[in-house]
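Engineer: Taken in order, the sequence shown gives residues 14 to 209; the numbers are from the working numbering.
Provided herewith is a single structure, encoded as structure tokens, for subsequent inquiry.
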Amino acid sequence: MEPFLSKLKDKRIILASNSPRRQELLRGLELAFEVKVNSVDETIPPDLPAEYAAAFLSRLKADSFPDALAEQDLLITADTVVIVKGKILGKPNSDMEAFEMIKSLSGTTHTVMTAVTIKDHKRSVTLEDEAKVTLRFLDEEEIWHYVRNYAPFDKAGAYGIQEWIGFTGVTSIEGSYFTVMGFPQHLVYQQLKKWQ
């Protein structure tokens, strides 16, 4: 059986993300790709509204890619932010910061925004998706169990919905589960269909 996006087989698809979840989800679209990541200063301008942060960071990653894209290249970058009460939660830098982030999400409905930028040598398109996630109240013992056993330092908001805390704490999702994981496959697939 030929992959549905087989017309892209002559493209060199580059995923600029070390995230094993994004790699898994892009693989799920039956695409061959390589991973190539460069260092980017992910500082969000203080006056930027929270809902624009994911798109800003996704475009920043694409625009700062160090090599000029050849005609056959197709670059994919992505970023996810968690927003609670208007505040952006990025990736935690310590156990305590992870604990405090999850504590702030406990018993709330928060927003997860994921943006994906697809870029070739001629054009660039940024896709955005939003999901609402509700977490039940988590006691401190549960939060520490998750932080110490799952080390969620590569995850926005300090949690992964596909891990223990998602299994035991998430009571509802409005929107795409994969957007919460960090890669809205349905939007990427539709855009890549147009690209081919």
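Ideal Cβ placement from N, Cα and C applies to all residues, glycine included.
Note that this is a predicted model, so its numbers are computed, not measured.
Note down, in chain order, each residue of its chain lying with its Cβ closer than 7 Å to the Cβ of L61, except the 5 sequence neighbours on either side.
Structural biologist: Only F69 meet the Cβ criterion.
Engineer: Quick one: give me the first and last residue of the alpha helix (DSSP H) that E155 is part of.
Structural biologist: Unbroken alpha helix (DSSP H) run through E155: 153-163.
Engineer: For L205 and E154, what's the separation of their Cα atoms in angstroms?
Structural biologist: Answer to the nearest angstrom: the Cα atoms are 44 Å apart.
Engineer: Can you have a look at T56 and say buried or exposed, based on whether 16 or more other CB atoms are within 10 angstroms of its CB?
Structural biologist: The residue is exposed, with fewer than 16 neighbouring Cβ atoms inside 10 Å.
Engineer: Sorted by chain position, which residues of the same chain lie with C-beta nearer than 8 Å to M14's C-beta, five sequence neighbours on each side aside?
Structural biologist: Low confidence applies here, because M14 scores a pLDDT of 48, under 50, leaving its location unreliable; read the following figure in that light. Around M14: no qualifying Cβ.
Engineer: Along the beta strand (DSSP E) that carries D23, what are the first and last residues, could you check?
Structural biologist: Looking at the DSSP string, D23 is not in any beta strand (DSSP E), and its letter there is neither H nor E.
Engineer: Does D76 come out as helix, strand or coil in the three-state DSSP assignment?
Structural biologist: In this structure, D76 counts as helix in the three-state DSSP scheme.
Engineer: Output the residue ranges of the beta strand (DSSP E) runs that lie fully inside the region 97-146 and measure 3 residues or longer, sorted by chain position.
Structural biologist: Correct list: 100-102, 122-132.
Engineer: With DSSP as the reference, please indicate the residues paired to L205 in a beta bridge.
Structural biologist: Note: L205 sits in no beta bridge, so no partner.
Engineer: Does the beta-carbon of F191 have 16 or more other beta-carbons within 10 angstroms, so that it is buried, or is it exposed?
Structural biologist: F191 comes out buried.
Engineer: Who does D92 pair with in a DSSP beta bridge?
Structural biologist: Note: D92 sits in a beta bridge opposite A128.
Engineer: Would R35 be called buried (16 or more neighbouring beta carbons within 10 Å of its own) or exposed?
Structural biologist: R35 should be labelled buried.
Engineer: From the DSSP output, in three-state form, read off S189 for me.
Structural biologist: Here S189 sits in coil by DSSP.
Engineer: Can you say whether K168 is buried or exposed, counting buried as having 16 or more other CB atoms within 10 angstroms of its CB?
Structural biologist: Counting Cβ neighbours within 10 Å, K168 comes out buried, since at least 16 surround it.
Engineer: Thinking C-beta only, is E64 closer than 8 Å to M126?
Structural biologist: The answer is yes: Cβ separation under 8 Å.
Engineer: Ordered along the chain, which non-local residues of its own chain (more than five positions away) have a Cβ less than 6 Å from that of E187?
Structural biologist: So the list reads K145, once near-sequence residues are dropped.
Engineer: Could you tell me whether the region 37-50 touches the region 151-165, using the rule of 3 or more Cβ pairs below 8 Å?
Structural biologist: They do not touch, by the three-pair rule.
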